[in-house]
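*Asks:*
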Amino acid sequence: MRGKFITFEGPEGCGKSTHSKALAERLRARGIETILTREPGGTPLAEKIRALVREETGDAPVASAETLLFLAARAQNVARAVLPALERGAWVLCDRFADSTFAYQGFGRGFDLAELERLNAFATGGLAPDLTILLDVPPEISRERLGTRQNATGEKADRMENAGRLFHKAVRDGFLALAALPENAGRFAVIDSSGGMDRVSAAIDAAVERLI
Ligand SMILES: Nc1ncnc2c1ncn2[C@@H]1O[C@H](COP(=O)(O)OP(=O)(O)O)[C@@H](O)[C@H]1O
Ligand SMILES: [Mg+2]
Numbered sequence: 007m008r009g010k011f012i013t014f015e016g017p018e019g020c021g022k023s024t025h026s027k028a029l030a031e032r033l034r035a036r037g038i039e040t041i042l043t044r045e046p047g048g049t050p051l052a053e054k055i056r057a058l059v060r061e062e063t064g065d066a067p068v069a070s071a072e073t074l075l076f077l078a079a080r081a082q083n084v085a086r087a088v089l090p091a092l093e094r095g096a097w098v099l100c101d102r103f104a105d106s107t108f109a110y111q112g113f114g115r116g117f118d119l120a121e122l123e124r125l126n127a128f129a130t131g132g133l134a135p136d137l138t139i140l141l142d143v144p145p146e147i148s149r150e151r152l153g154t155r156q157n158a159t160g161e162k163a164d165r166m167e168n169a170g171r172l173f174h175k176a177v178r179d180g181f182l183a184l185a186a187l188p189e190n191a192g193r194f195a196v197i198d199s200s201g202g203m204d205r206v207s208a209a210i211d212a213a214v215e216r217l218i
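Mind the numbering: the sequence shown is residues 7 to 218 in this note's numbering, read in order.
1) So, does the stretch 147-156 touch the stretch 106-114, judging by three or more C-beta pairs under 8 Å?
2) Would Ser-26 be called buried (16 or more neighbouring beta carbons within 10 Å of its own) or exposed?
3) How many angstroms separate the CA atom of Glu-15 from the CA atom of Asp-105?
4) Span of the alpha helix (DSSP H) holding Leu-33?
5) How far does the beta strand (DSSP E) with Ala-195 in it reach, from first residue to last?
6) Among Ala-195, Ala-186, Cys-20 and Leu-182, which has the Cα closest to the Cα of Asp-136?
7) What's the C-alpha gap between Leu-99 and Phe-11?
8) For Phe-11, report the span of its beta strand (DSSP E) as first-last.
9) List the endpoints of the continuous alpha helix (DSSP H) containing Arg-151.
10) Could you pull the start and end residues of the beta strand (DSSP E) that Ser-140 belongs to?
11) Between Gly-47, Arg-193, Arg-178 and Glu-39, which has its C-alpha nearest Arg-94's C-alpha?
12) Could you give the distance in angstroms between the alpha-carbon of Phe-173 and the alpha-carbon of Gly-114?
13) Does the Cβ of Lys-22 lie closer than 7 Å to at least one heavy atom of ligand 2?
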């Protein structure tokens with residue numbers, strides 16, 4: 007049987023990396039083979055594209071180039087990592103996927119959503135998640151968490167993180183609008199991620215239980 011494909015979405019600092027890693031561990035503890043991947047990234051080529059889109063090079067990609075770089079990384083990750091794992095029955099958890107394109111490049115940068123959907127379908131071959139966990143936090147909390155994480159790890163803010171407040175508000179509102187679309191109703195679990203870790207983990211488990 008084909009494995010389940012679960013994506014984690016939401017603004018910077020909402021807890022995608024933390025909670026996707028924790029869910030992977032819980033699923034493995036139940037004996038479910040689970041692959042954890044991320045976007046952009048997940049294969050050597052796609053990780054190189056990740057570095058390219060995050061760098062401040064003085065030659066920031068124009069919005070269309072940025073979109074296509076993310077989609078190129080997605081195409082490679084889907085074909086080389088995600089699909090083969092799903093086909094052998096493993097579950098795949100992905101830290102960001104197509105909804106990030108719709109939220110950042112659609113709602114954030116203003117590209118037409120229908121056009122992004124066509125481009126995304128070309129990149130994914132039509133692969134769609136069985137479940138999308140949208141971790142929602144207000145912008146103040148995501149900024150604060152990002153600051154804490156950067157202080158703890160010494161990492162620097164990347165190009166996307168440095169975009170302005172209005173952009174980040176548009177992205178957050180965009181994710182919520184995507185989750186509210188009738189065609190997405192069955193796929194999204196919107197979880198308030200401003201609560202404590204345990205509450206968020208319990209809400210994620212409840213959403214995942216529906217797939218088992
Ligand atoms: N529910 C939560 N409550 C408090 N802190 C959290 C919660 N979820 C994540 N964090 C913290 O917020 C920071 C950002 O989380 P992270 O998983 O890196 O976010 P993302 O991958 O979405 O950018 C990390 O320091 C993480 O430990
Ligand atoms: Mg992360």
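No residue lacks a Cβ here, since even glycine has one placed at the ideal position from N, Cα and C.
Values in this document were obtained by computation on a predicted structure and should not be read as measured data.
*Replies:* In brief:
1) With a cut-off of 8 Å, the stretch 106-114 and the stretch 147-156 do not count as touching, because too few Cβ pairs lie within range.
2) buried
3) 7 Å
4) 22-35
5) 194-198
6) Per the Cα distances, Ala-195.
7) 6 Å
8) 11-15
9) 145-159
10) Looking at the sequence shown, residue 140 is not Ser but Leu. Leu-140 -> beta strand (DSSP E) spans 137-142.
11) Glu-39
12) 6 Å
13) yes
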